[in-house]
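**Q**
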Amino acid sequence: MMWRKSWWECRFRVVCVALIYLSVSAGALLLLLNHGASAPPSARLNFYVILLACLIAPIVTVLLAGSGINSQTSWGMLHGFHASMYFLLSLPVSRRRALLIRSAMGGVFTALFVVLSVCTISLLALWSGTRIPPNQVLGRLPFILLGAFGLFGLSTLLTIVFDEFWAGMLGVSIIGFFFGMEIAFQSLPIRFQPAEILSGQQFILTGAVGWPVIAFFFLLGVISMAASVYLVERKEY
Amino acid sequence: MDFRLNPSSGVPIYLQLMEQIKHGIETAALQPGDQLPGIRKLAESVVMNPNTVAKAYRELEHEGYIEVRHGAGAFISAKLNTRKVHDRMDLVRPLIEKAVAQAAKIGLSDEEIRRLVEAELLKHGGIQGTKR
Amino acid sequence: MTDEAISIHGLVKRYGGNPALDGLNLSVPRGALAGFVGLNGAGKTTTLRILLQMARADAGSARVLGLNAAGHVESLDIRRRTAFVPERKELFPYMTVGEVIAFTKSFYPGWRGDLEKRYLKDFALRREQKITQLSKGTLTKLHLLLAFSRGAELILLDEPTDGLDPLGVEVFLQALVGLVAEDGVTVFFSSHRLNEMEQVADYLCIIHQGRALLNGNLDELKAACRRVVMVFHDDSRALAAEFAAAGPLKQDGRTLTVLANGAVDSVVARARGLGARSVDVQPLSLREIFLDLVRGDAQ
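Residue numbers (the numbering used here), protein chains in the order written: chain A, 677 to 913; chain B, 164 to 295; chain C, 4 to 302.
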């Protein structure tokens, strides 16, 4: 019943994410329909996808990541740990399993959000008459997913170390900081620019994969998930 | 039969239970052949430890007051010579009456008399002495 | 030894600079109804958490049902066979009573549906109730239901009467006694209600400042612990040293009171030898034993 419990913990956050998805779709639509804009449609689309990859999807990971142990609420971000964890920890379920199931639940919905958002944007791009071929949008998907994976791992690690409230605060702060650094990254060669790589723009334009950024976010995801498992097993309650 | 046990009285609970069952026999509230409640039932109704009930029953069986028949339960011993029980009490009763009357005459209160008796029992390991 | 349900040796646990447990030695035989008594902060909750691997000891060993409490796989096995009622009674706020029961039941193949039904009735719990709507006493009752219906070999309880009214306490004690009688379950419960504990426990552990003060059969402990009140002809201050080794001491004018733990006869003999005017040996309730020991330790 750990899956059902994880769902109970996630469901209101999933509703929030669904609302975010709707606003992303609406935003994309408005952006693409803005025929009075000076920038060409493909540039507008690229800007929007950067927004999705570097700001919105990361915020979704902060919302959906969870430890399955530290906090047991479905609504709100609690200060301190919810005491029901003592009961849970006395049951014959390993902490690793509790964490992995909760992460799987959050991770699936995060991935679903990304996939649906990108597909919707692609459809809207077609439908709005901008004539951007689907593969120019869908081809970005693996990159956006990778970025989300890396940040989901980081968010999960934060929920192990901190309570919900601080995990959320720090998560959002890190994203804000990272996004704000975007200007600084622009002085670097393209293959080191997260926005250009994670939005898939470089791949669409030049076919370049941008391995440094890819490797960084992949390792971020793997190492923080491994660290999460390691720490949750050793944590004292 | 209703049992009233006082956990903080200083007398071990199993002894209190034994005494009350013996008292029941003396007052004929429990007659030879009567069945005593099962260990679990008694433990639950009086809210006491079942191991303690078991211990009391074992001691009573050892002293010949009750019989434990496998599968059937505990019964007041049919072979019990209740007269013999009464005789023992009759022997000691006048001694106690005399001692209490004398103590009261000197001016000791009931509480003081009780304490003296308890202290005497404790000093001589009187309560422990019934353990075998 | 596998005939011990709980076996703790030299357990040490420090939080920051303070030792919560300072070389605790404790054992509980199987089938016992054991009480765990101590002041707030004495180390009771820390001990229980270490037994269930919520915390890790810094030194020493703890075995539950013969298994090492610090072992990863063994701890899972321990938790399969153990029931726990924590000190903090909160449960998952997004569930109802029925959902919490179903959730817990899914982990225990030996779940007793008959006991579940019985306690639902005895504790007046309803499946549709939302956890967030439950009072503290009702939450405690739900915890007790979850613990007692589990088919566990060992039941660990931390303040199991929290928020319970007298009827709730009675139902709790009856359930406890019934479990021990029928299934030979071992119970280890910490509580501040010493009267109730004295009523049903047959084994006792007193913990103080992270160490065990007493650990053994309750009847034997009570038989060995006596208060000896000695009245001397003159001020007894000088004689106090003679009895200091016997136990916690109180000196007031001509009266010397010592809580003798064992060796009562030698204390009485020594008092008489020193010319005491009167020597009174008094039995003690669990509450008196505990308070005297703990206060005496502080002196």
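The C-beta atom is built at its ideal place from N, Cα and C for all residues, glycine as well.
Residues in the same chain with beta-carbon distance under 6 Å from B:R295, minus the five sequence neighbours each way, listed in chain order, please.
**A** Confidence is the limiting factor: at B:R295 the pLDDT is only 33, short of 50, which leaves the residue's position unreliable and the question unanswerable from this model.
**Q** Looking only at its own chain, which residues have a Cβ that is under 8 Å from the Cβ of C:E7, when we skip the five neighbours before and after it?
**A** For C:E7, where only same-chain residues beyond five positions count, the Cβ hits under 8 Å are S30, V31, P32, R33, R66 and G69.
**Q** Below 7 Å between beta carbons is the criterion; list the residues of the stretch 173-201 of chain C that meet it against any residue of chain A, in chain order.
**A** Taking 7 Å as the Cβ-Cβ cut-off against chain A, none of the residues of the stretch 173-201 of chain C qualify.
**Q** Would you kindly work out how many angstroms separate the C-alpha atoms of C:S10 and C:N28, rounded to a whole number?
**A** Computed Cα separation, rounded: 8 Å.
**Q** For B:V255 and chain C, any beta-carbon pair shorter than 8 Å?
**A** Taking Cβ atoms only, chain C never reaches closer than 8 Å to B:V255, which makes this a no.
**Q** In the DSSP assignment, what are the bridge partners of B:P195?
**A** Partner(s): none; B:P195 has no beta bridge.
**Q** Thinking C-alpha only, which one of C:I53, C:S64, C:G19 and C:T141 is nearest C:L123?
**A** If we check each option's Cα against that of C:L123, C:T141 comes out closest.
**Q** Determine which residues of the stretch 202-227 of chain B have a Cβ less than 7 Å from any Cβ of chain C, and write them out in chain order.
**A** Against chain C - using a Cβ distance shorter than 7 Å - the residues of the stretch 202-227 of chain B are I202, R203, A206, E207, V210, M211, N212, P213, N214 and T215.
**Q** Can you confirm whether B:A235, when its beta carbon is compared against all beta carbons of chain E, has any partner nearer than 8 Å?
**A** Considering every chain present, this structure includes no chain E. Its protein chains are A, B and C.
**Q** Please list, in chain order, all residues of the same chain as C:G38 whose beta carbon is under 6 Å from its beta carbon, the five residues on each side excluded.
**A** Contacts found: M200, A204 and L207.
**Q** How would you write the range of the alpha helix (DSSP H) that A:S682 sits in, first residue to last?
**A** Start and end: M678 to L709.
**Q** May I ask you to list the residues that DSSP assigns as paired with C:K158?
**A** The residue you asked about is not Lys; residue 158 of chain C is Ile in the sequence shown. Paired residue(s): C:A86 and C:V190.
**Q** Between A:V905 and chain C, is the shortest Cβ-Cβ distance under 8 Å, so that the two count as touching?
**A** No, A:V905 lies away from the interface with chain C (no Cβ there is under 8 Å from its Cβ).
**Q** Could you check what DSSP says for A:V885 in three-state terms: helix, strand or coil?
**A** Coil at A:V885, not helix or strand.
**Q** For A:H758, is the classification buried or exposed, using 16 other Cβ atoms within 10 angstroms of its Cβ as the cut-off for buried?
**A** That one is buried.
**Q** For a contact defined as C-beta to C-beta under 9 Å, what are the partners of B:A282 on chain C?
**A** The contacting residues are V282, D283, V284 and Q285.
**Q** Compare the C-beta of A:A759 with all C-beta atoms of chain C and state if any pair is closer than 8 Å.
**A** Chain C, which has a Cβ nearer than 8 Å to the Cβ of A:A759, makes this yes.
**Q** Roughly how many whole angstroms lie between the Cα atoms of B:D253 and B:V263?
**A** Roughly 16 Å between the two C-alpha positions.
**Q** Going by C-alpha distance, which of C:L54, C:L289 and C:S281 is nearest C:C228?
**A** Measuring from the Cα of C:C228, the nearest candidate turns out to be C:L289.
**Q** Quick one: which chain C residues come within Cβ less than 8 Å of B:P175?
**A** Neighbours of B:P175 on chain C, chain order: D222, K225 and A226.
**Q** So which residues of chain A does C:M98 contact, with C-beta pairs closer than 9 Å?
**A** Result: K681 and W684.
**Q** From the DSSP secondary-structure annotation, give me the bridge partner or partners of C:V261.
**A** DSSP lists C:V231 and C:L252 as partners of C:V261.
**Q** For A:G897, tell me which candidate among A:S875, A:M781 and A:T832 has the shortest Cα-Cα distance.
**A** It is A:T832.
**Q** Is the Cβ-Cβ distance between B:L193 and B:G187 less than 8 Å?
**A** Their beta carbons are under 8 Å apart, which means B:L193 touches B:G187 by this criterion.
**Q** Three-state secondary structure (DSSP) at A:L775?
**A** Helix.
**Q** So what's C:D237 in DSSP terms, helix, strand or just coil?
**A** It is coil, neither helix nor strand.
**Q** Does the structure place the stretch 855-867 of chain A close enough to the stretch 805-817 of chain A that three or more beta carbon pairs sit under 8 Å?
**A** Touching, no, given that fewer than three Cβ pairs across the two stretches are closer than 8 Å.
**Q** Is the CB-CB distance between A:L731 and A:R689 below 8 Å?
**A** Their beta carbons are not under 8 Å apart, which means A:L731 does not touch A:R689 by this criterion.
**Q** Tell me the DSSP secondary structure of A:Y724 in three-state form.
**A** Of the three classes helix, strand and coil, the one that applies to A:Y724 here is helix, per DSSP.
**Q** Output the distance between the C-alpha atoms of A:R773 and C:K144, rounded to the nearest integer angstrom.
**A** When rounded, the distance between both Cα atoms is 29 Å.
**Q** Could you check whether the Cβ of C:S288 sits closer than 8 Å to any Cβ belonging to chain B?
**A** Interface residue, yes.
**Q** Using 8 Å for Cβ pairs, my map puts C:M57 next to A:Y762. What's the rounded Cβ distance?
**A** With a Cβ gap of about 7 Å, C:M57 and A:Y762 count as contacting.
**Q** Is any beta-carbon of chain B found at less than 8 Å from that of C:A155?
**A** Judged by the 8 Å Cβ criterion, C:A155 is not in contact with chain B.
**Q** Below 8 Å between beta carbons: does that hold for A:V693 and A:F789?
**A** Contact flag set, yes.
**Q** Can you tell me the Cβ-Cβ gap for C:V234 and C:S193, rounded? I've got them flagged as a contact below 8 Å.
**A** Actually they are not in contact, since the Cβ atoms of C:V234 and C:S193 sit about 38 Å apart, beyond 8 Å.
**Q** Mapping DSSP to helix, strand and coil, what is C:T143?
**A** Residue state, collapsed to three classes: helix.
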